[in-house]
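What follows is a set of notes on a single structure, which appears directly below.
There are 2 protein chains.
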Amino acid sequence: MAALPSGILGALDPTSDRAVFRQIADQIREAIDKGRFKEGAKLPSESELVEHFGVSRMTVRNALSILQSEGLVSSEHGKGVFVRPRPPVRRLASDRFARRHRDQGKSAFTVEAEAAGSKPEVDSLEVREEKPTPDISARLGSARKVLARRRRYLLDGRPVEFAVSYLPLDLARGTQIAEPNPGPGGIYARLEELGHRLDHFDEEVRARMPSPAEVKMLRLSSGVPVISLIRTAYDTEGRAVEVCDTVMAADAYVLAYQLPAN
Amino acid sequence: MAALPSGILGALDPTSDRAVFRQIADQIREAIDKGRFKEGAKLPSESELVEHFGVSRMTVRNALSILQSEGLVSSEHGKGVFVRPRPPVRRLASDRFARRHRDQGKSAFTVEAEAAGSKPEVDSLEVREEKPTPDISARLGSARKVLARRRRYLLDGRPVEFAVSYLPLDLARGTQIAEPNPGPGGIYARLEELGHRLDHFDEEVRARMPSPAEVKMLRLSSGVPVISLIRTAYDTEGRAVEVCDTVMAADAYVLAYQLPAN
DNA sequence: CTTGCCCACTCGTCTATACGAGTATGCCTC
DNA sequence: GAGGCATACTCGTATAGACGAGTGGGCAAG
Numbered sequence: 001m002a003a004l005p006s007g008i009l010g011a012l013d014p015t016s017d018r019a020v021f022r023q024i025a026d027q028i029r030e031a032i033d034k035g036r037f038k039e040g041a042k043l044p045s046e047s048e049l050v051e052h053f054g055v056s057r058m059t060v061r062n063a064l065s066i067l068q069s070e071g072l073v074s075s076e077h078g079k080g081v082f083v084r085p086r087p088p089v090r091r092l093a094s095d096r097f098a099r100r101h102r103d104q105g106k107s108a109f110t111v112e113a114e115a116a117g118s119k120p121e122v123d124s125l126e127v128r129e130e131k132p133t134p135d136i137s138a139r140l141g142s143a144r145k146v147l148a149r150r151r152r153y154l155l156d157g158r159p160v161e162f163a164v165s166y167l168p169l170d171l172a173r174g175t176q177i178a179e180p181n182p183g184p185g186g187i188y189a190r191l192e193e194l195g196h197r198l199d200h201f202d203e204e205v206r207a208r209m210p211s212p213a214e215v216k217m218l219r220l221s222s223g224v225p226v227i228s229l230i231r232t233a234y235d236t237e238g239r240a241v242e243v244c245d246t247v248m249a250a251d252a253y254v255l256a257y258q259l260p261a262n
Numbered sequence: 001m002a003a004l005p006s007g008i009l010g011a012l013d014p015t016s017d018r019a020v021f022r023q024i025a026d027q028i029r030e031a032i033d034k035g036r037f038k039e040g041a042k043l044p045s046e047s048e049l050v051e052h053f054g055v056s057r058m059t060v061r062n063a064l065s066i067l068q069s070e071g072l073v074s075s076e077h078g079k080g081v082f083v084r085p086r087p088p089v090r091r092l093a094s095d096r097f098a099r100r101h102r103d104q105g106k107s108a109f110t111v112e113a114e115a116a117g118s119k120p121e122v123d124s125l126e127v128r129e130e131k132p133t134p135d136i137s138a139r140l141g142s143a144r145k146v147l148a149r150r151r152r153y154l155l156d157g158r159p160v161e162f163a164v165s166y167l168p169l170d171l172a173r174g175t176q177i178a179e180p181n182p183g184p185g186g187i188y189a190r191l192e193e194l195g196h197r198l199d200h201f202d203e204e205v206r207a208r209m210p211s212p213a214e215v216k217m218l219r220l221s222s223g224v225p226v227i228s229l230i231r232t233a234y235d236t237e238g239r240a241v242e243v244c245d246t247v248m249a250a251d252a253y254v255l256a257y258q259l260p261a262n
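Protein chains in written order, with full-length UniProt numbering: chain W, 1 to 262; chain U, 1 to 262.
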């Protein structure tokens with residue numbers, strides 16, 4: 001049962017005071033880093049590793065769980081443990097909301113994804129009025145009721161981002177912003193048509209591990225953090241006209257910003 | 001042996017098809033979220049949980065390891081498992097490199113930390129000449145040799161950030177930039193004195209789980225991702241004069257950016 | 001009173017075993 | 001040939017037990 005897992009992995013050092021399961025994790029990690037296991041490749045099965053290292057299965061599983069929490073591998077029930085492939089990354093440039101990008105009929109997400117050769121989708125669209133959290137309310141200048149627009153973005157069938165936009169109700173109610181489809185150029189174009197010429201955006205970027213709900217919503221494998229981005233849009237009067245709370249799969253994004261030096 | 005762990009935790013649902021260890025994790029997570037276990041508080045010990053839920057110790061440890069990988073709790077050998085306190089967060093504003101902040105003698109990190117009432121430290125400072133990786137070389141306009149400045153930043157004794165600055169060797173060699181202490185205003189002030197007036201910075205932000213080396217260097221507890229920030233500084237001639245590769249403990253930072261709307 | 005040791009408690013590591021559930025393959029039947 | 005089933009693999013879940021190692025409090029000896 002179970003042939004040798006090839007000569008890729010070495011032996012344990014019994015004199016080391018490093019825990020056995022850490023030594024095993026180290027060996028597999030090194031093999032992955034050095035390319036001896038390629039992206040998407042299947043690792044030796046647990047029972048093969050048990051035989052190779054002469055340890056119990058729990059020890060092997062312990063080692064694999066380290067690598068899983070590091071985001072290096074992911075296991076698939078009934079199939080095996082695989083080196084986690086690095087998915088194509090979506091680059092968010094800091095000029096992505098520039099006015100010049102709002103002319104076309106399609107949304108920024110759609111245009112950009114198609115340009116990159118991916119199939120974009122938006123789902124679980126929900127628009128409703130609600131009472132904001134204290135944090136959202138404060139960001140919107142103590143708004144007491146808001147319009148919330150929820151949606152999930154997918155690339156080639158994979159969910160990559162979940163976003164909620166909040167707008168003061170007095171501003172959005174009855175306009176096309178309150179419709180599921182906000183029309184060409186998105187809600188920012190509608191806001192400007194309503195006389196709220198946009199001045200600038202503030203963005204706050206954080207990273208953390210996902211909640212179970214986020215794991216489900218973004219179908220995250222373990223060891224993948226999320227980027228939390230909270231953007232506030234201000235009009236030229238200095239009023240906060242929108243807050244967008246976005247949670248992104250961290251392995252699918254790189255954010256790019258340009259800062260002036262003076 | 002082990003009194004009742006108080007009435008904070010309920011019972012398992014044997015009819016549920018959700019795994020027992022997940023149910024236990026759910027219960028503890030909910031108790032933390034609802035504030036029934038406060039920040040920094042000690043959870044019931046493993047043996048208390050074993051008794052309370054009537055399961056084996058491995059099952060309890062499995063549940064706790066979920067919460068640990070979510071960054072909710074951290075265990076301390078010999079003491080117990082504790083609700084992970086949220087450390088004070090350092091906010092990086094997008095104007096932190098503005099020229100007007102470079103007048104004072106102290107570094108931006110020092111000034112800012114002292115203003116926030118924390119004790120800043122910088123250690124493991126190392127300055128050396130080396131051959132850049134292909135990525136760094138490309139960012140610096142195919143530089144073949146670079147000056148690398150490595151340092152680690154600490155707040156109140158806790159390491160929060162590790163940074164490496166790379167500068168083209170022909171630009172930095174023999175200047176104060178090659179000294180451990182680059183002088184007032186930091187290397188950006190020196191670069192401008194050398195005639196490289198800074199024009200803008202590009203920043204790339206990513207998030208991922210830390211490597212074992214990063215866990216050690218930043219003393220990260222499990223379930224804490226890192227933010228990787230790669231900044232390139234350009235002078236008014238359009239030349240890339242510095243690349244700074246920074247790894248930050250994600251639970252200690254929030255990045256703030258301001259984007260123009262046009 | 002102080003010092004130092006011991007013990008009880010904590011989590012860390014590891015073994016051995018068992019069964020369940022998802023996946024893939026190939027053979028056998030129709 | 002097509003369909004379905006048996007089977008052998010994969011990882012997932014759970015039990016029971018053992019010993020090690022870090023921490024802190026209490027007790028006993030000085």
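Idealized CB from N, CA, C, for every residue including glycine.
Below-8 Å beta-carbon distance, residue i vs any chain W residue
i: residue 21 (chain U); result: no
i: residue 203 (chain U); result: yes
i: residue 109 (chain U); result: no
i: residue 126 (chain U); result: no
i: residue 3 (chain U); result: At residue 3 (chain U), the pLDDT of 48 sits below 50, so the modelled position is not reliable and the matter cannot be decided from this model.
i: residue 98 (chain U); result: yes
i: residue 12 (chain U); result: no
i: residue 56 (chain U); result: no
i: residue 7 (chain U); result: no
i: residue 243 (chain U); result: no
Proximal residues of chain U, C-beta to C-beta of residue i below 8 Å
i: residue 250 (chain W); result: 206, 207, 208, 225
i: residue 254 (chain W); result: 204, 205, 206
i: residue 94 (chain W); result: 257, 259
Any C-beta of chain U under 8 Å from that of residue i
i: residue 90 (chain W); result: no
i: residue 260 (chain W); result: yes
i: residue 17 (chain W); result: no
i: residue 257 (chain W); result: yes
i: residue 222 (chain W); result: yes
i: residue 76 (chain W); result: no
Neighbour list for residue i in chain W, Cβ cutoff strictly below 7 Å
i: residue 275 (chain U); result: Past the edges of chain U, shown from 1 to 262, lies residue 275 (chain U), and the structure says nothing about it.
Expected contact under 8 Å - CB spacing of residue i and residue j to nearest Å
i: residue 171 (chain W); j: residue 243 (chain W); result: Residue 171 (chain W) to residue 243 (chain W), Cβ: 12 Å. No contact.
i: residue 207 (chain W); j: residue 250 (chain U); result: 4 Å
i: residue 58 (chain U); j: residue 71 (chain W); result: The Cβ separation is near 24 Å, so there is no contact.
i: residue 124 (chain W); j: residue 152 (chain W); result: 5 Å
i: residue 261 (chain U); j: residue 99 (chain W); result: 6 Å
i: residue 191 (chain W); j: residue 111 (chain W); result: About 19 Å separates the two Cβ atoms, so there is no contact after all.
Own chain partners of residue i with C-beta closer than 8 Å, once the 5 adjacent residues on each side are dropped
i: residue 80 (chain U); result: 42, 43, 45
i: residue 202 (chain W); result: 231, 232, 234
i: residue 256 (chain U); result: 91, 92, 93, 94
i: residue 131 (chain W); result: 144, 145, 146
Cβ neighbours of residue i in the same chain (closer than 6 Å, five flanking residues each side left out)
i: residue 119 (chain W); result: 156
i: residue 204 (chain U); result: 230
i: residue 154 (chain U); result: 121
i: residue 50 (chain W); result: 57, 60
Contact list for residue i against chain U, beta-carbon separation under 7 Å
i: residue 198 (chain W); result: 261
i: residue 71 (chain W); result: 208, 209
Nearest neighbour of residue i, chosen from the options [CA to CA]
i: residue 295 (chain W); options: W:39, W:66, W:204; result: Nothing in the structure corresponds to residue 295 (chain W), since chain W is present only between 1 and 262.
i: residue 62 (chain W); options: W:40, W:39, W:51, W:25; result: W:25
i: residue 145 (chain W); options: W:162, W:169, W:163, W:134; result: W:169
i: residue 102 (chain U); options: U:11, U:182, U:8, U:87; result: U:182
i: residue 252 (chain W); options: W:212, W:184, W:161; result: W:161
i: residue 88 (chain W); options: W:259, W:254, W:258; result: W:254
Beta-carbon contacts of residue i that lie in its chain and below 7 Å, excluding the five residues immediately before and after
i: residue 3 (chain U); result: Confidence in residue 3 (chain U) is poor, its pLDDT being 48 and thus under 50, which makes the residue's placement unreliable; the coordinate value appears in the next sentence. So no residue of the chain qualifies.
i: residue 180 (chain U); result: 125, 127
i: residue 264 (chain U); result: The question about residue 264 (chain U) has no answer, for chain U in this structure spans 1 to 262.
i: residue 199 (chain U); result: 234, 235, 236
i: residue 224 (chain W); result: 71, 249, 250, 251
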